[in-house]
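*Asks:*
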Amino acid sequence: MQRTDLLRFNGAVERDPAIDAWLNERAAELGAIARQWFEVMRKCGDEVRELLHDGCPVACLGDAPFGYVNVFTSHVNVGFFRGAELPDPARLLQGTGKSMRHVKLRPGTDINGAALHQLIEVAYEDMKDRVENG
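In case it helps, this note's numbering puts the sequence shown at residues 31 to 164.
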């Protein structure tokens, strides 16, 4: 894939206070789940930037998005813009879109946290490779 084929978002910043406000406005349990996993995205590297896009927090490598969280009525999605291309040995990813995939998290339901953490790191590294090497 060439660099020009990457989805790009204008306006990503190092730390967007609107995202913290968004997370704090969500129901307690669901907001805590979303906050936990968005923090993992924030800590992937110094180049992580963020913005609200389509009403939810998005983590980018510079201006190229790699992950997002979104809160619904009874669950949280941790999503990946190139998720269809990520290795997923724990089989956490759901969805049938051409590129995007997500992991659905529900309060009180066990999740393989180590595997989800790994997916986030791999998504970041994958995007870093795409941005740097085309």
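Glycine residues also receive a C-beta, built at the ideal position from the N, C-alpha and C atoms.
Taking Cβ to Cβ, would you say VAL88 is nearer than 8 angstroms to LEU135?
*Replies:* Here residue 88 refers to the residue found at position 58 when the sequence shown is read from its first residue. Here residue 135 refers to the residue found at position 105 when the sequence shown is read from its first residue. Cβ distance not < 8 angstroms, so VAL88 and LEU135 don't count as in contact.
*Asks:* Tell me whether the segment 62-80 and the segment 43-53 touch, counting them as touching only if at least three CB pairs, one residue from each stretch, are closer than 8 angstroms.
*Replies:* yes
*Asks:* Any idea what DSSP makes of HIS132, helix, strand or coil?
*Replies:* Residue mapping note: residue 132 aligns to position 102 of the sequence shown, counting from 1. Strand.
*Asks:* Excluding the 5 residues flanking THR34 on each side, which residues of the same chain have their C-beta closer than 7 angstroms to its C-beta?
*Replies:* By one-based count along the sequence shown, residue 34 stands at place 4. Residue confidence is low: THR34 scores 47 on pLDDT, short of 50, so the model does not pin down where it sits. Its coordinate-derived value is still stated next. Closer than 7 angstroms at the Cβ level, and outside the excluded window around THR34, lies no residue.
*Asks:* Touching or not, the segment 78-96 and the segment 114-125, by the rule of three or more beta carbon pairs under 8 angstroms?
*Replies:* By the Cβ test, the segment 78-96 is not in contact with the segment 114-125, since fewer than three Cβ pairs between them sit closer than 8 angstroms.
*Asks:* Can you list, in chain order, the stretches of the beta strand (DSSP E) that have 3 or more residues and sit fully within the segment 54-107?
*Replies:* 78-83, 86-91, 94-101
*Asks:* Leaving aside the five residues before and after GLY113 along the sequence, list all residues of the same chain whose C-beta is less than 6 angstroms from its C-beta, in chain order.
*Replies:* Against the sequence shown, residue 113 aligns to sequence position 83. Hits under 6 angstroms: LEU123, MET130, ARG131.
*Asks:* Name the two residues that bound the continuous alpha helix (DSSP H) containing GLU44.
*Replies:* Here residue 44 corresponds to residue number 14 of the sequence shown, with the count starting at 1. No alpha helix (DSSP H) holds GLU44; DSSP gives it neither H nor E.
*Asks:* Could you tell me how far apart the beta carbons of ASP93 and ARG38 are, in whole angstroms, since I believe they sit closer than 8 angstroms?
*Replies:* Taking the first residue of the sequence shown as 1, we reach residue 93 at position 63. Taking the first residue of the sequence shown as 1, we reach residue 38 at position 8. Contact between ASP93 and ARG38 is confirmed by a C-beta separation of about 5 angstroms, below the 8 angstroms threshold.
*Asks:* Going by other Cβ atoms of all chains shown within 10 Å of its Cβ, with 16 needed for buried, is ALA58 buried or exposed?
*Replies:* Here residue 58 refers to the residue found at position 28 of the sequence shown. Its Cβ having fewer than 16 others within 10 Å, ALA58 is exposed.
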